[in-house]
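Q: Going line by line, the protein sequences match chains A and B. Quick note, the first sequence lines up with residues 1 to 332 if you use the UniProt record's numbering. Quick note, the second sequence lines up with residues 1 to 332 if you use the UniProt record's numbering. Starting off with a structure, shown below.
Protein chains: 2
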Amino acid sequence: MIAQPYLLFLGDAPDPLAAKVAQGIKDWNPAVAAGQLRLPGCKADMKLTDMTIDEAVAAGVKTLVIGVANRGGLISDTWKAVLKEALEKGMDIASGLHNLLRDEPELVAAAKAHGRELHDVRIPTVKYPIASGVKRKGKRCLAVGTDCSVGKMYTALAMEKEMAKRSIPCTFRATGQTGILITGGGVPLDAVIADFMAGSIEWLTPDAADDHWDLIEGQGSLFHASYSGVTLALIHGGQPDALVVCHEPTREHMRGLPDYQVPSIGAVSDLALTMAKMVNAGAKVVGISINTAAMSDEEAADYLKAVEAEYGLPTCDPFRTGVGPIVDAMMA
Amino acid sequence: MIAQPYLLFLGDAPDPLAAKVAQGIKDWNPAVAAGQLRLPGCKADMKLTDMTIDEAVAAGVKTLVIGVANRGGLISDTWKAVLKEALEKGMDIASGLHNLLRDEPELVAAAKAHGRELHDVRIPTVKYPIASGVKRKGKRCLAVGTDCSVGKMYTALAMEKEMAKRSIPCTFRATGQTGILITGGGVPLDAVIADFMAGSIEWLTPDAADDHWDLIEGQGSLFHASYSGVTLALIHGGQPDALVVCHEPTREHMRGLPDYQVPSIGAVSDLALTMAKMVNAGAKVVGISINTAAMSDEEAADYLKAVEAEYGLPTCDPFRTGVGPIVDAMMA
């Protein structure tokens, strides 16, 4: 687990979108974000207290989290100076960058000299077991998608927020870099060795109280030629009681696969349920989550209504409408 | 690729079963097996010429292949003496053991000193791409199973043999350790990083002549809670034109999963076809391959006949009856 609270490092973000990770932490786990550190020219702003490293240390910050994508795939000297200062003054560093902190000799040396941790959350640090398939206690909900990047993490986080508000015991379970940085822990599933994928999800969602829900972040799609195996491992490792199908209606083809049509919500729902029932006979699809960001208010409302009518399942946009009806259906 | 021909190292095999890898090479690629090396007490015999390291060198052997499982998960000092001699005298070593050659400092030093290669075929050495899903030229057949270890490798190898006999251009594509040692190359799929699984199979089965068949070794089962993701990556990366369903009829539960029933041949056939059609609309199930080793001749004949009648597909035991009718159906 990554020590909290965090200082969100926004670097010299060229635009707000580059600071997607920081935005995720700010939106979904604001309590851990003690402040932000921006370099000259930074175009992102989380509306947190701006802090120097010294101020962050004084405020009790434990970890500097790199909340921004780096330009050109390099950790620049400007960044390195700040990161080294953070290590020297007693903070750990956490990063989801493709360029690993551990591949930077200066940072490795500084971390070692000062007894600090470098968390590269893209790389698994746990020796996961082979999945046993044994039924576990507690309940699990998994977000499955028609495609990659259709809102599976957002949906699971929105459900956690809604359920917490209702005092239903629940835990968001991160399976990707951003989710791991938001919560402080999880499984970077796309980097797990094939044989241990399902086992890593069993490890992530262990036995729990009968009324506790794990809300598992989905990855990929059963229909995505590049990543479908990852998705199936999530279903079989997660043993979900409840599935929520996530969809983005304006996409013209599968992400990264120009020759592939996005499947229908119904096709994904049927296939995911078939797969889930192999490991949990009681699995159900409890709702549909749509990312309507590209639609007007009216288009979005019409679309949600039409999908709800077609499938007879509560259909929400977690951002526009909230996921209350999906949680209602899941708890019913 | 592993340099050929091979000297098959049988070590001090406690019984013939321990030399399964050597047996696979002897059965399926005898031309590469120049001889065998047995230590005192060895209970396995491939009926190959017994050779010392010097004799093997004189016979032109390029690689000593460890064809036997090691006892207790240790590479013993007795073994090491032979392996070091092989390196010193100019041979590479190939191994599918869990204990890696590269983790043995003496072997690493000897290989380095003499410019030889240590092939740990359990570990990928290629940086595989993310799968593109782009349709490739040539034809592909994939063995899928109701469970693990039901005869998928054996079936694909038997088909290769049968097709070679008929002068049909074809290549067996190994996806597991034994298959890789038999052919000299392949993808150790169970050890590939999740994101690159399907891509590794695209890499393994590239564009080929229109009439060429890749015969892809299957892994796991879509119904196996521990390994299903690996199987789906094989289907989506392999883009099979033809599927052969493999089954072992006497198994009481899924391998390693006492709580899970083995699915029916029909269920596997339907689901594998659904998955294959996502990436290859023309995919077909062309036959059923049964491992009847645990049955009497009469039981086996009755069983094959009954399955063939139930599914209307050529049904063979690759060992007892050969796979001729499956190849007929595939080529029709």
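Glycine included, every Cβ here is placed at the ideal spot set by N, Cα and C.
#1: If we count the other Cβ atoms within 10 Å of its Cβ and call it buried at 16 or more, is Asp259 of chain A buried or exposed?
#2: Going by beta carbon distance, what residues of the same chain come within less than 8 Å of Gly282 of chain B, once the five residues before and after it are set aside?
#3: Put Ser24 of chain B into one of helix, strand or coil per three-state DSSP.
#4: Would Leu257 of chain A pass as an interface residue toward chain B - the criterion being a Cβ-Cβ separation below 8 Å?
#5: May I have the straight-line CA-CA distance separating Gly218 of chain A from Leu232 of chain A, to the nearest angstrom?
#6: With a threshold of 8 Å between beta-carbons, can Ser167 of chain B be considered close to chain A, or not?
#7: Hey, out of A:Gly11, A:Ala174, A:Pro129, whose CA is closest to Asp50 of chain A's CA?
#8: So, using beta-carbon positions, are residue 415 of chain A and His119 of chain A closer together than 8 Å?
#9: By the 10 Å Cβ neighbour count, where 16 or more other Cβ atoms means buried, how is Ile123 of chain B classified, buried or exposed?
#10: Give a yes or no on contact between the segment 202-211 of chain B and the segment 162-173 of chain B, applying the rule of three or more CB pairs nearer than 8 Å.
#11: Cβ of Cys246 of chain B within 8 Å of Cβ of Gly145 of chain B?
#12: Strictly below 8 Å CB to CB, what residues from chain A border Met46 of chain B?
#13: Less than 6 Å between C-beta atoms, sequence neighbours within five positions excluded: which residues of the same chain meet that for Val187 of chain B?
#14: What did DSSP end up calling residue 333 of chain B once you bin it into helix, strand or coil?
#15: Does chain B have any CB closer than 8 Å to the CB of Met153 of chain A?
#16: Within the continuous alpha helix (DSSP H) that includes Leu87 of chain B, where are the two ends?
#17: Can the beta-carbon of Lys80 of chain A be found closer than 8 Å to that of Glu106 of chain A?
#18: Using three-state DSSP, classify Phe196 of chain B as helix, strand or coil.
#19: So if DSSP puts Met254 of chain B in a beta bridge, which residue, or which two residues, is it bridged to?
#20: With Cys148 of chain A and Ser221 of chain A assumed to form a contact (beta carbons below 8 Å), what rounded beta-carbon distance in angstroms separates them?
#21: Quick one: which chain A residues come within Cβ less than 7 Å of Asp190 of chain B?
#22: Here's the rule: buried if 16 or more other CB atoms are within 10 angstroms of the residue's CB, otherwise exposed. What is Glu248 of chain B?
#23: Whose Cβ in chain B lies nearer than 7 Å to the Cβ of Gly133 of chain A?
#24: Do Tyr303 of chain B and Ile290 of chain B have their C-beta atoms within less than 8 Å of each other?
#25: Give the straight-line distance between the Cα atoms of Gln261 of chain A and Val279 of chain B, rounded to the nearest whole angstrom.
#26: Contact between the segment 11-27 of chain B and the segment 316-328 of chain A: three or more CB pairs below 8 Å?
#27: If you reduce the DSSP assignment to three classes, tell me which class Ile93 of chain A lands in.
#28: Would you mind giving the Cβ-Cβ distance between Met197 of chain B and Gly229 of chain A, rounded to the nearest angstrom? I have them listed as a contact below 8 Å.
#29: Starting from Gln177 of chain A, trace the alpha helix (DSSP H) both ways and give me its first and last residue.
#30: Helix, strand or coil: which one does DSSP assign to Lys277 of chain A?
#31: Just reading off the beta strand (DSSP E) that Leu313 of chain A is part of, what are its end residues?
#32: Quick one: what does DSSP say His119 of chain B is sitting in, helix, strand or coil?
#33: Which class does Ala59 of chain A belong to by DSSP, given the choice of helix, strand or coil?
#34: Val327 of chain A and Glu85 of chain A: beta carbons closer than 8 Å?
#35: Using 10 angstroms around the beta-carbon of Arg38 of chain B, count the other beta-carbons present and answer buried if the total reaches 16, otherwise exposed.
#36: Identify every residue that forms a DSSP beta bridge with Gln36 of chain A.
A: With the structure as the only source:
#1: exposed
#2: Asp241
#3: Reading off the sequence shown, one finds Gly at residue 24 of chain B, where the question assumed Ser. DSSP places Gly24 of chain B in helix when its eight states are reduced to three.
#4: yes
#5: 10 Å
#6: no
#7: A:Gly11
#8: Past the boundaries of the shown model lies residue 415 of chain A; chain A is included only from 1 to 332, so the question cannot be answered.
#9: exposed
#10: yes
#11: yes
#12: Simply none; closest approach about 29 Å.
#13: Thr175, Ser200, Leu204
#14: Nothing can be reported for residue 333 of chain B, as the shown portion of chain B is limited to 1 through 332.
#15: no
#16: 77-88
#17: yes
#18: helix
#19: B:Leu257
#20: 6 Å
#21: Ala194, Asp195
#22: buried
#23: Ala225, Ser226, Leu257, Asp259, Tyr260
#24: yes
#25: 11 Å
#26: no
#27: strand
#28: 5 Å
#29: 177-183
#30: helix
#31: Neither: Leu313 of chain A is in no beta strand (DSSP E) and is coded neither H nor E.
#32: strand
#33: coil
#34: no
#35: buried
#36: A:Leu8, A:Asp50
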